[in-house]
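Here the structure is laid out as structure tokens; the discussion comes afterwards.
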Amino acid sequence: MTREKRYITTPIYYVNDKPHIGHVYTTTLCDVYARWMRFAGREVFFLTGTDEHAAKVVDAAAERGLSPQDWADQNAKVFQEVFGLLKLTNDDFIRTSEARHTERVTRYVAELLDSGDVYLGEYEGWYDAGQEEYIPENRAKELDFTSPFNGKPLVRKKEENFFFRLSKYAEPLLDLLERGESFRVEPVSRRNEIINRIKDGLNDVPISRTGSTDWGIMVPGNEEHTIYVWIDALFNYLSTVDDEGRRHFWPADVHVTAKDILWFHAVIWPAMLLALQNRPGYEWAKLPKLLYFHSFWIAEGRKMSKSLGNFIDLDTINRYLDTYGLDALRYYLVTQGPLGATDADFASDHFHNVYHTDLVNTVGNCASRVSAMINKYFDGVIPELSTADRSRVIADHNWPEWTAQAVQAAGDSTEAFELDDAIAQGIALIRKVDGFINTTEPFKIAKDESKRDELAVILYQCAETVRIASLLLGPVLPIKMAELWDAYGQTIDPAKGDLTDLAAWGGLQPGTPIRKVALFPRVENPVEIITSDDQSAPNQPQEQP
Ligand code: ME8
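Just so we're aligned: 409 in our numbering is position 400 of the sequence shown, and the numbers increase by one with no gaps anywhere.
In structure tokens:
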């Protein structure tokens, strides 16, 4: 039987920056999705990487006396190392300076030149050199002709350019977006935003530049023009899987980015694919199924910036890891982050509270409480019980039904990329176990020898529900849930893809040894967010041409 596949991507990050909380956030979201899907038996391809052909790479390299390639090599390595330390499970890491990418992009652009979707023309407009993009006339006026990114004046620039015939795809795109079936944009506010922009009209867009440097991919058949970095970058999603062994992963199931690059992903990219899929041999270049645009992290109530001292860079991330551990950081990012349409605040007190409320006092405490009672009353072994007894409804707690519903809901939420809702299902089960213990008071029942059976049923149901909840929390808390599985006598390998079987009620076998477990230690003081000063601020929303 062929397995269903899932292909998920992060943006490819500018290689000039060092990884910061924004990059870690998006990549962690995708990691949680990828881990869930592998656990659920899908064939997963999870892609991240670096975007390397920006002109600012040439400048930064020159300042350091390096070639652009050497500078990109150094910085791409930092991303790879950091993602490795964070145990992010990407299946590949694409760098746009690699031959496997550049060769394919050349082919794609050649196809579009052939079809006339890319043509030579002239462009004049206000250019923001810092962002490498043209700013529309009315927006440039609003900005008083200065760059919102570096405060430098916008430059009036006129150039011969290759253009992409974007105007031709306005109608088909609008139609696809409004139908929202095969091509979806979430959250809905982002979808509406993009529909309105398309309704305002789409002009053809320049997709090449000329200049002194040959850092970039040349327009095929032309000696002077380099393909605009954004066009080059967007193609990474396709180029990485464009070979015999991987082509079945396309179309991507989810592209995840922040709202800053909505325009490129929700307009330019699908339009390019629509153009490409008309070419013989490229019928397979369908549109991605879901584009998910999250919002921004701010920090301590304000936009992150070096000068405010609230910038969450690698040093700060490391201090969180040292104090709370990797799973706690993942948990905070995914459950408290800007997954929806509003920005979210990374605040040290909030982090501290969420850690104690959800992880120490809920997940950790419940797992430990249950293991301690099984040790105290049943010598650390799950007592003998018939299958019927394992499912007996006590105090109106229908665990088989509730756990099955939670598993279903968590799967559906993950599928829709509502990862916070998926995790909430696991946490809710644990809270219900706590409530069950408080209602049934097994510690009192234990005093009555004639109620050994009832005690066994209650503790079985507690341990079994903790086990099932731990499966749902595994993708976000991979290290701690592996510890829990070990203590609860479970040999679980998420790579085997048997989540559904494992999550069926009654899987916990009588006779299983249960060790006492302490998962999340209390932490005395919140980590202060202090910054090092060698970073640039993360992206904020940018205007597109
Ligand atoms: O835009 N909050 O790369 P980039 C949340 N190379 N996420 C944030 C964030 C914040 N404050 N700041 C950044 C580029 N991000 C292009 C992409 S894709 C074909 C090319 C995350 O290094 C978020 O995912 O500026 C955002 O979309 C991405 O970093 C931008 O990364």
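Yeah, the Cβ is synthetic: ideal placement off N, Cα and C, and Gly gets one too.
Residue i - DSSP class collapsed to helix/strand/coil
i: Pro522; result: strand
i: Asn534; result: coil
i: Trp135; result: strand
i: Trp306; result: strand
i: Phe426; result: coil
i: Asp542; result: Note that Asp542 scores a pLDDT of 48, beneath 50, so its modelled location is shaky; the value from the coordinates is reported in the next line. Of the three classes helix, strand and coil, the one that applies to Asp542 here is coil, per DSSP.
i: Ile240; result: helix
i: Tyr143; result: strand
i: Ser124; result: helix
i: Ala108; result: helix
i: Glu195; result: strand
i: Gly93; result: helix
i: Ile439; result: helix
i: Ala353; result: strand
i: Phe29; result: It should be noted that the sequence gives His, not Phe, for residue 29. If DSSP states are grouped into helix, strand and coil, His29 belongs with coil.
i: Glu492; result: helix
i: Lys295; result: coil
i: Gly290; result: coil
i: Asp251; result: coil
i: Arg174; result: coil
i: Phe360; result: helix
i: Thr155; result: strand
Distance between beta carbons of residue j and residue i, contact taken as under 8 Å
i: Gly50; j: Gly506; result: 3 Å
i: Ala337; j: Gln345; result: Going by Cβ atoms, the distance from Ala337 to Gln345 rounds to 11 Å, so no, they are not a contact pair.
i: Leu511; j: Leu480; result: 6 Å
i: Pro260; j: Lys295; result: 4 Å
i: Leu152; j: Leu211; result: About 22 Å separates the two Cβ atoms, so there is no contact after all.
i: Leu1; j: Arg200; result: Residue 1 cannot be examined here, being either before or after the span of the chain that is shown, 10 to 554.
i: Pro103; j: Thr266; result: It should be noted that the sequence gives Ile, not Pro, for residue 103. Rounded, the Cβ-Cβ distance is 15 Å, inconsistent with contact.
i: Leu271; j: Glu202; result: 7 Å
Separation of residue j from residue i, as counted between CA atoms
i: Phe191; j: Val263; result: The amino acid occupying residue 191 in the given sequence is Ser; Phe does not appear at that position. So the alpha carbons of these two residues sit roughly 12 Å apart.
i: Arg440; j: Lys268; result: 34 Å
i: Ile391; j: Gly373; result: 19 Å
i: Glu533; j: Thr325; result: 18 Å
i: Arg47; j: Asp502; result: 10 Å
i: Tyr497; j: Val526; result: 9 Å
i: Asp101; j: His257; result: 16 Å
i: His359; j: Arg328; result: 16 Å
i: Pro547; j: Met313; result: Bear in mind that the predicted position of Pro547 carries a pLDDT of just 47, short of 50, making it unreliable; the figure below should be weighed with that in mind. Those two C-alpha atoms are separated by around 7 Å.
i: Ile144; j: Leu342; result: 33 Å
i: Val475; j: Val402; result: 17 Å
i: Gln549; j: Phe305; result: Any reading at Gln549 needs caution, since the residue's pLDDT is 44, under 50, leaving its predicted position unreliable; the model's value is listed next. The straight-line gap from Cα to Cα measures roughly 8 Å.
i: Gln89; j: Thr396; result: 48 Å
i: Thr115; j: Pro215; result: 17 Å
i: Gly125; j: Asn287; result: 12 Å
i: Phe529; j: Phe244; result: 42 Å
i: Lys161; j: Ala149; result: 12 Å
i: Arg378; j: Asn159; result: 55 Å
Cβ-based neighbour list, residue i, same chain, cut-off 6 Å, excluding 5 preceding and 5 following
i: His406; result: Phe445
i: Leu129; result: Phe171
i: Ser400; result: Pro409
i: Leu282; result: Ala294, Leu296
i: Gly134; result: Tyr143
i: Ala431; result: Ala419, Ser422, Thr423
beta-carbon residue i near ligand 2 non-hydrogen atom, thresh 7 Å
i: Leu243; result: As presented, the structure is devoid of ligand 2, carrying ligand 1 as its sole ligands.
Residues near residue i in its chain [Cβ-Cβ closer than 7 Å; skip 5 each side]
i: Thr36; result: Thr19, Thr57, Phe92, Leu97
i: Ala381; result: Lys525
i: Glu537; result: Ser357
Proximal residues to residue i (C-beta, below 8 Å), its chain only, five neighbours per side dropped
i: Phe54; result: Lys14, Arg15, Tyr16, Ile17, Asp100, Asp101, Val250, Arg255, Phe258
i: Val363; result: Tyr340, Tyr341, Thr344, Gln345
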